[in-house]
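In the working numbering, the protein residues as written are 1195 to 1515.
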Amino acid sequence: MSEVIADLLSSVAARWQSIDPLLPDPTSVPDSCGAEHTVPAANGRPAAVGWCRHLRLAPESAELAWGAAAQFWLTAHVAGEPAEPAIGAALDELLVRWSAHLAAEPTAADEDSQAVIRWPSRDVAGVRALLRHGLQPLTVIAARPAGRPGPAAAHRPADLRLRMADPADVGAVTALCVEVIGFDQYFGSVALHPHTARAERQAAEKTLAGPAPWTWLAERNGRAVGLLVAQPPERAAWIAAATRKSPVGYLATMSVLPGERGSGVGTRLVAELHRELDAAGVAVTLLHHAQLNPLSTPFWNRMGYRPLWTSWEVRPARALR
Ligand SMILES: CC(C)(COP(=O)(O)OP(=O)(O)OC[C@H]1O[C@@H](n2cnc3c(N)ncnc32)[C@H](O)[C@@H]1OP(=O)(O)O)[C@@H](O)C(=O)NCCC(=O)NCCS
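This is how it looks when you write it as structure tokens:
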């Protein structure tokens, strides 16, 4: 890494630390298509640098539920002090360059494509620039540091039974996973495909056959009405770099049947998970939720989670202004 880029990254690290103590330090140049997009400042040093990663999902892969077949992810690093107007101006210029980059990329015009930028939720100085380029804040990575107050003890429905799922529960687990994907479709970044149920079933079979499935079912009168799937630190390494704290746990799926919502099922499941997380010494738990989901957004906040990163996206990718 050049000295100029190293200086820029340490400026970004200082700003991130001052706006959100859970953010990591950007320390390396990310994987990318190879092009480096630079916005120069008046002093000749870069005011912003960005790298674009191109991703093509395999047909019928499970990940197609959560993103487009052709994906373009910008890692954007902008130097400067928190809340400076210069932050927004430099990000704006970087997005102009990214848009020109995508204009030269044929698959960015595919119907099933998306351009995405993950921006720190509390780095508010960039918000107007992101909006100006047609990006929409659809998905949030929320974080709960250990010890943050969680579910209130009052939510304890008596007729509810919680238990760890086992391989015989693959049907119930799959049905509840498909249910939440179907619901999340309303909010713009999730899609239920004909192959999704099969892919979810395969994933559930694998998880439930493993040594620590971290999959809980809530049952009422013997019927599975709620599901929570989480990943202990050894399976959450893929997202651990999103925060400076470790070890990291990940809450992958939370689903309650429509007729059972609002009666305390979700609260009970989360309380159970938090007990497990505390016992495992997890420092911070992360999860994704749709920003526009009117059920999950307040629910996660009440459970002790708050925004860490916001994914801003536009579809198709070429629609980036
Ligand atoms: C989000 C979701 C998982 C929450 O689970 P839930 O079982 O509905 O949650 P709870 O019942 O524990 O809490 C929700 C509300 O019910 C209230 N509540 C809790 N216990 C209650 C009880 N015993 N009686 C009545 N209300 C109760 C809570 O205070 C909360 O209040 P609100 O009405 O202000 O929102 C569930 O609504 C769901 O599956 N939604 C669709 C899928 C989804 O969004 N999943 C999350 C994706 S990230």
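Glycine included, each C-beta is placed from N, C-alpha and C at the ideal position. Being a predicted model, the structure only gives us computed values, none of them experimental.
- Taking C-beta atoms as the reference points, A1273 and S1212 fail to come closer than 7 Å.
- Excluding sequence positions up to five before and after S1293, its CB lies within less than 6 Å of the CB of L1514, all in the same chain and listed in chain order.
- Here DSSP, grouped into helix, strand and coil, assigns S1293 to helix.
- Around the beta carbon of G1475, fewer than 16 other beta carbons sit within 10 angstroms, so the residue counts as exposed.
- Annotation for V1310: the continuous beta strand (DSSP E) segment containing it runs S1307 to P1314.
- Counting along the chain, C1227 sits inside no beta strand (DSSP E), nor does DSSP assign it H or E at all.
- Annotated three-state conformation of A1424 is strand, per DSSP.
- When the alpha-carbon of A1465 is set against those of L1268, E1373 and M1497, the nearest one is in M1497.
- Cβ atoms of V1423 and A1446 come within 8 Å of each other, at about 5 Å.
- The C-beta separation of S1307 from A1264 comes to about 4 Å, placing the pair in contact by the 8 Å criterion.
- When the five nearest sequence neighbours on each side are left out, the beta carbons in the same chain lying within less than 6 Å of the beta carbon of L1268 are those of G1244, C1246, W1292 and I1311, in order along the chain.
- Put simply, the backbone Cα of P1345 is about 18 Å away from that of P1501.
- The beta carbon of F1381 is closer than 8 Å to those of L1332, A1484, Q1485, L1486 and N1487 in its chain, skipping five residues each way along the sequence.
- Per DSSP, the beta-bridge partners of W1267 are R1247 and V1310.
- With respect to the C-alpha of A1352, the residue from V1450, E1197 and E1413 having the closest C-alpha is E1413.
- Here C1227 is exposed, its C-beta having fewer than 16 other C-beta atoms within 10 Å.
- Between V1372 and A1359, the CB-CB gap reaches or exceeds 7 Å.
- At a cut-off of 4 residues, the continuous stretches assigned as alpha helix (DSSP H) that sit fully inside the region 1380-1446 are 1390-1403.
- The C-alpha of A1393 lies about 14 Å from the C-alpha of G1376.
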